[in-house]
Structures are given as structure tokens and as C-alpha cells.
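Enquirer:
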Amino acid sequence: MRIVLADCYHDSDKGGGGIVGGALKTIYVACKKHNCQPDIYLIYRFSEDDPRFASAARLTLKTFPDVKVLPAPISSRRGPGLHWLSWAFKVFCIGSLRIILPQTSRHKAVQAIRKADIIIYKGGHFYRSWSKKALVDLVALYILTFPLLLARRLHKRYCLLSHSFGPFNRKTSELIIRFALEKCAYLSCRESISKNILLQCGLDEQKVHVTCDLAFAAFETTDDRIAKILARYKLKHQEYVAVTSRPWFQKQRSRGIETAYQDYIENMAALCDYVIEDKKKKIALVLQNDGAHSTNEPDIIPLGDIFNNIKHKESVVILKEDFAFDELVSIYAHALLTIGTRLHSCIFSFVGGTPSIAVAYSHKAEGIMHMMGADRFLLDIEKLSVSEGRKMIDQIITKRADLSEDYQRRVAELRSELYKAIEKTLFSEKTVNKNYYESE
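Using my numbering, read the sequence shown as starting at 803 and increasing by one per residue.
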């Protein structure tokens, strides 16, 4: 079976890497059940002329060496000196030609989609309209949905799994999303909030499902590299708290909201000092996203700012190695708990059996925590309360064993549902065995 896994993201975004890894794991499990040997092609979001493409799958290929990696079928790089409107016009014209006459294109990704038995749009992205300029939104959605539009044009079986959607600030965006998704063989959101947004776009309620984030199918590494790193930093099992951050308020500060970012940093640092002073534990600031794929995403900036605001720096380490997703799962699995602004640091923690406090910057965090039954451990990034955070830390430490057991059971349930959803997309729904995946 020839399978195309589209919209793959850069391995420097560890959450994105975990989503690709989880998707591949579920595909291999389903194909093993049916004695089917999959021939898998990964289409990344970066075109061949984009410098980011060369390193996009560097870690994924170490874990899954048999997959084929392909560039995006539409340009992701605006050349130097090319005006934005000229680039957008070029992208639209070339893309439209490939949709109208796909048989004439020699592009590897276009050919892979033409020859595929099924195209799976892996989850994890955020489809929304955010710009005040309608043309910017139109081009962004066109690029993101291009493989779906091409699959629809070729009458291919295609599906979209575990994405987040909305908000959409204009009707044209809703129409584009509805057109791209209405012919999906299987369509799921990763939380119910996104499902409601799709229903508002006019999609059929019977066709829109909710499945967990594909990173819930991630797994721990079997390599001993992480054990050696933890030993080097003197991070003992359940004797440290993992903390992740993101440069969210860098954008806010650039818009004139001067205090928002600093408030976030100081409050995160205060929670770290509470862990050190009151709980006598170490802090591991974990680099979840190194920003190699996006200048807006380097976590080292807010992590460094948090470190500088912590009083007891002698009890803090910054883990900034180039970790693969399965290595991060192992790091979080050994932590006492995780305080995560990066959503997938929370998901990786749950996979490893570690309770997590999510610092929410969008509705996707709310939806995931609700899915895990962990709503009470949710902090709002814009109103980050240190006192509430301390209470959550106390509750988790007091009930950690019970919480860990509950979360491991819930992860197993979500994985089983995810495996069955993948199987429905690959094979007949009648073949799905409800008990088959319980041990996976």
C-alpha cells in the first residue's frame, strides 16, 4: 500500500516531530495487523529550494529509515528581492497549473500523490485566519491545503487527522476550509472546540470526529543516551521538575504590550523558585523548539529569560541538546511533573506517565487537557497566577501516583481510539477489531 503522509513539519519543532512519529507508529501497527507492507512517503511543508528542507527530517529518518522524504509541492520560500505579491501570484499560478494538469508535473510530491492509495494529512497544525489582510489569509490557506486540493482534484482517498481549527475571521476562509475538507474520507479534530468551529463552517456533523493528538502515540527511546545526559546533569528520577516555554509574548511586546511578556517570565520563574525552595527539587528548563525552522520560535530566548529571573540558579539546568521526540518523552517520564507552555511537552509527559500543568496560549491546550481529564491543571498564559500554580504543584505532588496511573490508563484509551481511526482510513471499517490495539 502506497501511503502519503502530508503536511509534515520540521524536526526542530519537537512537537511536530512527535506527531509525525506517532502517525508513522499507528500506520505501521495497523498495517501489521493486516499483513500489509506500507510504502510511505512524507511530504514536508518546505519546498526543495527552502534551506529548511535539508534538515527537516533528520531525526525522523533515524527512527524510521524506510520512509521516503519529499519537499512541498508548492513553494515555501520567497526569493531575495521578490515582492510578496509577486511571489504569491507565482505560487498561485504554478499551484493551479499542477491542480488542473497534474499529469504534466514532474514534481516528486505531485507524482507521489498521483500514485498514492491514500493521502493522510497528519495532525497538529492550527488552521485559522489571523491576518487583517484578506489576501494574506487566502495565500496562507491555499499553501496549507494544497495537497488536499490536489488529492480532491485527482479523486484520491484522503483524510485529515487530529488538527486544530479556528478562529476564522472572514467568510472566505471558512469557504476554503469547507471546500478542502468536505470530501475527506475521514476527518477529525484533536479537540471538541475545533469540531464546533468546523460545524460553523458548514461541514456535516456526522463526518467530523474527535481523535487525540497523534503525539499520544509517541513512545520512549530505547537508547541509553538520555540516561547518560540526566546523569551528567545530576537529574535523578522524580527529583526534578521539567519546564518548557515559548516566545509567545515576544509578539505581544512588538505590538506595544510591554509588560505582558515580562509578567509571564517573572511568574514562571516564581513557580520554579517555589519548586526549589519548598519542594527541594531541581528545575530542568527543556528546549522543546530550537527555532531552526522559524525565527519566531526559538525557545532558548524565554528559557534564558526565565533562568535569569530565578533566584536559585544553582538548582537549574537548561537541556538544549537536539533531542528527538522519543528522547523528550523519556526526559519527561523521569520528571516529578512538567510545567509546560509548549503543548506537546505536556502530551509527551502524559505519554511517559508524568502529570503536567499546561500554560495555555490557545484553545488547543484547553481541549487536550480536558481530553485527559486534567482541566484543573490549566493556567492561562495571559493571567498566569503564581498562587494557583503553587496549589496545582502541591496537588500533583500529593497525588502523583494516582494521577500517573489515571493518565497512563487514559493515554492507553486514546491510543486505542487513534489506532482504530487510522485503520478506518487505511482499510475497511468492518475490519476494525476493538480489542486488537489494547496491548500496543
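C-beta atoms are modelled at their ideal positions from N, C-alpha and C, and glycine is treated no differently.
Leaving aside the five residues before and after SER1117 along the sequence, list all residues of the same chain whose C-beta is less than 7 Å from its C-beta, in chain order.
Expert: The residue you call residue 1117 lines up with position 315 of the sequence shown. Only ILE1078, LYS1084 and ILE1085 meet the Cβ criterion.
Enquirer: Please confirm if the stretch 1012-1030 is in contact with the stretch 811-825, defined as three or more CB-CB distances below 8 Å between the two stretches.
Expert: Counting C-beta pairs with one atom in each stretch, the stretch 1012-1030 and the stretch 811-825 have three or more that are closer than 8 Å, which means they touch.
Enquirer: Assign GLY1142 to one of three DSSP states: helix, strand, or coil.
Expert: Translated into the one-based positions of the sequence shown, residue 1142 becomes position 340. The answer is strand: DSSP assigns GLY1142 an E or B state.
Enquirer: Which one or two residues does DSSP pair with PHE759 in a beta bridge?
Expert: Nothing can be reported for residue 759, as the shown portion of the chain is limited to 803 through 1242.
Enquirer: Classify LYS1232 as helix, strand or coil using the three-state DSSP reduction.
Expert: For the purposes of this step, residue 1232 is identified with residue 430 of the sequence shown, where counting begins at 1. With a pLDDT of only 45 at LYS1232, under 50, the local geometry of the prediction cannot be trusted, and no value is derived from it.
Enquirer: Is DSSP giving CYS810 helix, strand or coil here?
Expert: Here the question's residue 810 lines up with position 8 in the sequence shown. DSSP places CYS810 within a strand segment (E or B) once states are collapsed to three.
Enquirer: Alpha carbon to alpha carbon, how far is ARG930 from SER1158? Give it in angstroms, no decimals.
Expert: Here residue 1158 refers to the residue found at position 356 of the sequence shown. Here residue 930 refers to the residue found at position 128 of the sequence shown. So the two alpha carbons sit approximately 27 Å from each other.
Enquirer: By the 10 Å Cβ neighbour count, where 16 or more other Cβ atoms means buried, how is GLN1090 classified, buried or exposed?
Expert: Working through the sequence shown from its first residue, we reach residue 1090 at position 288. Under this definition GLN1090 is a buried residue.
Enquirer: Could you spell out the range, first to last residue, of the alpha helix (DSSP H) harbouring ALA911?
Expert: By 1-based counting over the sequence shown, the position of residue 911 is 109. 910-917 is the extent of the alpha helix (DSSP H) around ALA911.
Enquirer: According to DSSP, simplified to helix, strand and coil, what is CYS961?
Expert: As a position in the sequence shown, residue 961 is number 159, starting the count at 1. Three-state result, CYS961: strand.
Enquirer: How far does the beta strand (DSSP E) with THR1013 in it reach, from first residue to last?
Expert: Indexing the sequence shown from 1 puts residue 1013 at position 211. Segment: none, THR1013 is in no beta strand (DSSP E) and carries neither H nor E.
Enquirer: Can you look up LYS1084 in the DSSP assignment and give me helix, strand or coil?
Expert: For the purposes of this step, residue 1084 is taken as the residue at position 282 of the sequence shown. If DSSP states are grouped into helix, strand and coil, LYS1084 belongs with the strands.
Enquirer: To the nearest angstrom, how far is the alpha carbon of HIS1136 from that of TYR1042?
Expert: Taking the first residue of the sequence shown as position 1, residue 1136 is located at position 334. Taking the first residue of the sequence shown as position 1, residue 1042 is located at position 240. A direct Cα-Cα distance of roughly 8 Å separates HIS1136 from TYR1042.
Enquirer: Measuring CB to CB, does SER996 end up less than 8 Å from SER966?
Expert: Residue numbering aside, residue 996 sits at position 194 when the sequence shown is read from its first letter. Residue numbering aside, residue 966 sits at position 164 when the sequence shown is read from its first letter. A contact, by the Cβ cut-off of 8 Å.
Enquirer: Tell me, to the nearest whole angstrom, how far the beta carbon of VAL893 is from that of ILE945; I am working on the premise that it is less than 8 Å.
Expert: Here the question's residue 893 lines up with position 91 in the sequence shown. Here the question's residue 945 lines up with position 143 in the sequence shown. Indeed they touch by this definition, with Cβ atoms about 7 Å apart.
Enquirer: Tell me which residues share the same chain as ALA1044 and place their Cβ nearer than 6 Å to its Cβ, disregarding the 5 neighbours each side in the sequence.
Expert: Position 242 of the sequence shown, counted from the first residue, corresponds to residue 1044. Only ALA1086, VAL1088, TYR1134, ALA1137 and THR1140 meet the Cβ criterion.
Enquirer: Is it right to say ALA936 is buried, meaning 16 or more other beta carbons lie within 10 angstroms of its own, or is it exposed?
Expert: Counted from its first residue, the sequence shown places residue 936 at position 134. Exposed is the call here.
Enquirer: Can you name the start and end residues of the alpha helix (DSSP H) that LEU943 belongs to?
Expert: Numbered from 1 along the sequence shown, position 141 holds the residue referred to as residue 943. Its alpha helix (DSSP H) spans residues 936-955.
Enquirer: I need the straight-line Cα distance from ILE805 to ASP841, nearest angstrom please.
Expert: Taking the sequence shown and counting its residues from 1, one reaches residue 805 at position 3. Taking the sequence shown and counting its residues from 1, one reaches residue 841 at position 39. The straight-line gap from Cα to Cα measures roughly 6 Å.
Enquirer: By alpha-carbon positions, which one of GLY1004, GLN1002, PHE1021 and ASN998 ends up nearest to HIS1011?
Expert: Position 209 of the sequence shown holds residue 1011. Nearest option by C-alpha distance: ASN998.
Enquirer: Would GLY1175 be called buried (16 or more neighbouring beta carbons within 10 Å of its own) or exposed?
Expert: The residue labelled residue 1175 in the question sits at position 373 within the sequence shown. When all chains shown are included, GLY1175 counts as exposed.
Enquirer: Identify every residue that forms a DSSP beta bridge with ALA1033.
Expert: Within the sequence shown, the letter at position 231 stands for residue 1033. Beta-bridge pairing links ALA1033 to no other residue.
Enquirer: Comparing alpha-carbon positions, which option in LEU1000, GLU1129 and LEU844 lies nearest THR1023?
Expert: On the sequence shown, residue 1023 is found 221 positions in, with the first residue counted as 1. THR1023 has its Cα closest to that of GLU1129, out of LEU1000, GLU1129 and LEU844.
Enquirer: Looking at LEU962 and LEU989, is the spacing between their C-beta atoms short of 8 Å?
Expert: For the purposes of this step, residue 989 is taken as the residue at position 187 of the sequence shown. For the purposes of this step, residue 962 is taken as the residue at position 160 of the sequence shown. Yes; because the gap between Cβ atoms is below 8 Å, this pair is in contact.
Enquirer: Please report the straight-line C-alpha distance between ARG916 and LYS958, rounded to a whole angstrom.
Expert: The residue you call residue 916 lines up with position 114 of the sequence shown. The residue you call residue 958 lines up with position 156 of the sequence shown. For ARG916 and LYS958, the distance between alpha carbons rounds to 8 Å.
Enquirer: How would you call HIS1114, buried or exposed, if buried means at least 16 neighbouring beta carbons within 10 angstroms?
Expert: Residue numbering aside, residue 1114 sits at position 312 when the sequence shown is read from its first letter. Burial call: exposed.
Enquirer: I'd like to know whether the C-beta atoms of GLY897 and PHE981 end up nearer to each other than 8 Å.
Expert: Taking the first residue of the sequence shown as 1, we reach residue 897 at position 95. Taking the first residue of the sequence shown as 1, we reach residue 981 at position 179. The answer is no: Cβ separation not under 8 Å.
Enquirer: State the Cα-Cα distance for the pair TYR1238 and MET803, rounded to the nearest angstrom.
Expert: One-based indexing of the sequence shown puts residue 1238 at position 436. One-based indexing of the sequence shown puts residue 803 at position 1. Because TYR1238 sits at a pLDDT of 49, beneath the cut-off of 50, its placement in the model cannot be relied upon, and the following sentence gives the value as read from the coordinates. The alpha-carbon atoms of TYR1238 and MET803 are separated by roughly 21 Å.
Enquirer: Using the beta-carbon count (16 or more within 10 Å), is CYS895 buried or exposed?
Expert: Sequence index remark: in the sequence shown, residue 895 carries index 93 (1-based). Flag for CYS895 reads exposed.
Enquirer: Below 8 Å on the Cβ atoms is my contact criterion, and I expect LEU1037 with VAL1119 to pass it. Report the Cβ-Cβ distance as a whole number of Å.
Expert: Residue 1037 sits at position 235 when you count from the first residue of the sequence shown. Residue 1119 sits at position 317 when you count from the first residue of the sequence shown. Yes, they are in contact, since the Cβ atoms of LEU1037 and VAL1119 sit about 7 Å apart, within 8 Å.
Enquirer: In terms of DSSP beta bridges, what is ARG804 paired with?
Expert: Indexing the sequence shown from 1 puts residue 804 at position 2. Beta-bridge annotation (DSSP): ARG804 is paired with ASP841.
Enquirer: Using C-beta distances below 6 Å, list every residue in its chain close to ALA1126, excluding the 5 sequence neighbours before and after it, in chain order.
Expert: Reading the sequence shown from its first residue, position 324 is the one you call residue 1126. Closer than 6 Å at Cβ, skipping near neighbours: LEU861.
Enquirer: When the Cα of ALA1162 is compared with those of PRO969, ARG880 and ARG1144, which residue comes out closest?
Expert: Counting from one through the sequence shown, the residue named residue 1162 turns up at place 360. That would be ARG1144, whose Cα lies nearest to the Cα of ALA1162.
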